[in-house]
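For the sequence shown, my numbering assigns the number 33 to the initial residue and increments by one for each residue that follows.
These notes concern the structure reproduced below.
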Amino acid sequence: MGELTEACVELARLEKQEQEVIEQLYNVRTAIRAQRTKLDELIRGIHAPIDRLPNELLLRIFELSIHASILAFPSCDVHRHRKRDLAGVSRHWRDLILHFPRFWTTIRPSPTWGKSFVKAHVTRSSGSPLDIEICAQDVTQTFSASVGILVDCAQRWRSLIIQDDVYDSVLSILLKHMRHSVFPSLTHVSVQCVPSYLRGSFTRFYSERCPHLQHLDLGTGFIPSLDSMASPGLTSLAFGFGKGDPSPILQHISLQKLTTLSLSGFCGHVILDQNSLHLPLLKSFICKLSCAKMLIRAIVAPDLTHFTYRSRDREWDYGTESVYSSFPAVRHVDLDRDMMISVLQRGNISNPGYWPNLEREEKHATAKVAGQVYVGIISTLYEALHKRCILEWENVRLRSHIVFSGIADESPWFEVPMVHPGFIDHIGKAFVTWRVRSNAKVPCRCVYGDYNGSEDSFDESDVQDDDY
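Right, here's the structure in full:
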């Protein structure tokens, strides 16, 4: 009987211990649930890292995002569609965008911009300077009404950009609306194409109605008139040579104040004496001309630091020595293929007497190369310049007998003939650091056809009403 008693006692002890363990487990589970509830509440109370950013920094990120989208899709209405995408992320982002004036200063009268949408931008920009982009391809009642709204606040215009696909009738209506207004804050005017019968009206607009104009881009085939020059504060001028002789306008006294000059077209008929065109303040010269040898020899620009050359023909002799002698202070050069070949053939690029300021010690000195070239030429240029300045490649299409070999899933070999060893290391770094991308075109999601004049969740109704 002693054994039976001991067994019963042991069983009772174990059952009691079991009950205590079960009770302890229950208490632990209850504590776990309470802790999880507390943790969830704490997590919900913690804002995401991007929501903890100061509003000023977040808005700057938005601006950079919009700017990057404009560079990627320049023909799309990025301001409208990108703002809509960003505003759809959260109520906080939506409030920031709707109440940040700088997001509403770019106005693009077009088929998808209704009158009320334009008016909402004028209102929400809160007196800030306006950037107007004309991209409508036809004159409609909505477009005329929108232009009327914008002309009513002409004192706020900061820039006017007229796209190259704008119809003549659109430009005519625009000039008609603007003919009696003055634009005291307008500093930047750019137009890609002005028909001959409207050039007089457009000249009167920028010369008489824009007293503080600083940057003027007249596109192609529109040479400024000597009788109606732009404001005396003009510092940047761009135009294309047409059939007329541009020599008189190039020698006009007002151009001596320019710091930036951009020329395009054909200048074979230009007659200028050597060192006859003095531009003492010129800092940047963008030359997109064919037969530019005589013009380059005529220009004297002792302070020129940025020189861009994009030829429009197959001429090989571009007066390389004239470039060096005319622009001795150049620190940044941007050359096309033919000019680069001309430089290499003469061996001038390695001569320390030419472009002496094109040195790495300048920190900001650069040489940019673009176009389709052979690897051997690029290698030669690399060998001559990489120790003198920052050598920059811009969409260079390499042509060479590059041999690729290897086994799938293993490290391949590339054989590139006639290449400077340092240039091979330069290319190899791109692969090692994964700086390799596909050139496949990524379509923009901002398709006008998706709207058909209707307004989506972030358009006219939203920008006029805060109760969303």
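The C-beta atom is built at its ideal place from N, Cα and C for all residues, glycine as well.
As the structure is a prediction and not an experimental result, all values here were calculated from the model.
Residue range 123-130 is occupied by the alpha helix (DSSP H) that includes residue 125, with no beta strand (DSSP E) assigned at that position. If you draw a straight line from the Cα of residue 274 to the Cα of residue 179, it comes to about 30 Å. Within the DSSP secondary-structure output, residue 166 pairs in a beta bridge with 194. Shown here for residue 305: same chain residues with a beta carbon closer than 7 Å to its own, the five before and five after excluded, namely 330 in chain order. It is roughly 48 Å from the alpha-carbon of residue 90 to the alpha-carbon of residue 309. Considering only 151, 164 and 267, the residue with the shortest C-alpha distance to residue 193 is 164.
With respect to residue 223, residue 251 sits close: the two C-beta atoms are nearer than 8 Å.
Sorting 93, 138, 44 and 72 by C-alpha distance to the C-alpha of residue 82 places 93 at the top. Burial state of residue 201 is exposed, judged by a 10 Å Cβ sphere holding fewer than 16 other Cβ atoms. Remark: C-beta atoms of residue 173 and residue 199 do not approach each other more closely than 8 Å. In this structure, residue 291 lies near residue 313, with their beta-carbon atoms less than 8 Å apart.
Annotation: the continuous alpha helix (DSSP H) that includes residue 37 extends over 34-77. Only residues of its own chain outside the window of five on either side were considered, and among them 311, 314, 317, 358 and 359 have a CB closer than 7 Å to the CB of residue 333, listed in chain order. DSSP places residue 189 within a strand segment (E or B) once states are collapsed to three. With 16 or more neighbouring CB atoms inside 10 Å of its own CB, residue 115 falls in the buried class. The Cβ atoms of residue 182 and residue 139 sit closer than 8 Å to each other. For residue 318, the enclosing beta strand (DSSP E) stretches over residues 316-322. Per the coordinates, the alpha-carbon of residue 288 lies some 22 Å from the alpha-carbon of residue 241.
With respect to residue 243, residue 263 sits close: the two C-beta atoms are nearer than 8 Å. Taking the CA atoms as reference points, residue 65 sits about 37 Å from residue 118. Excluding five sequence positions before and after residue 230, the CB atoms of its chain that fall closer than 8 Å to its own CB belong to 200, 203, 204 and 207, given in chain order. Scanning its chain for C-beta atoms nearer than 7 Å, with the 5 sequence neighbours on each side dropped, one finds around residue 132 the residues 91, in chain order. By the C-beta density criterion, residue 366 is buried, having at least 16 other C-beta atoms within 10 angstroms. Residue nearest to residue 160 within the set 187, 96, 166 and 176 is 187 (criterion: CA-CA distance).
With a 10 Å radius around the Cβ and a threshold of 16 neighbouring Cβ atoms, residue 228 comes out exposed. Between residue 283 and residue 268, the C-beta gap is not smaller than 8 Å, which leaves the two residues out of contact. Taking the CA atoms as reference points, residue 63 sits about 42 Å from residue 35. At a Cβ-Cβ threshold of 8 Å, residue 219 and residue 190 count as neighbours. Pairing residue 166 with residue 197, the inter-Cα distance amounts to about 10 Å.
For residue 341, the enclosing beta strand (DSSP E) has its first and last residue at 338-341. Going by beta carbons, residue 157 and residue 136 fall inside the 8 Å limit.
Taking C-alpha positions only, residue 424 is separated from residue 338 by approximately 14 Å. For residue 361, there is no enclosing beta strand (DSSP E), since its DSSP letter is neither H nor E. With respect to residue 254, residue 232 sits apart: the two C-beta atoms are not nearer than 8 Å. In this structure, DSSP gives residue 247 an extended state, which the three-state scheme calls strand.
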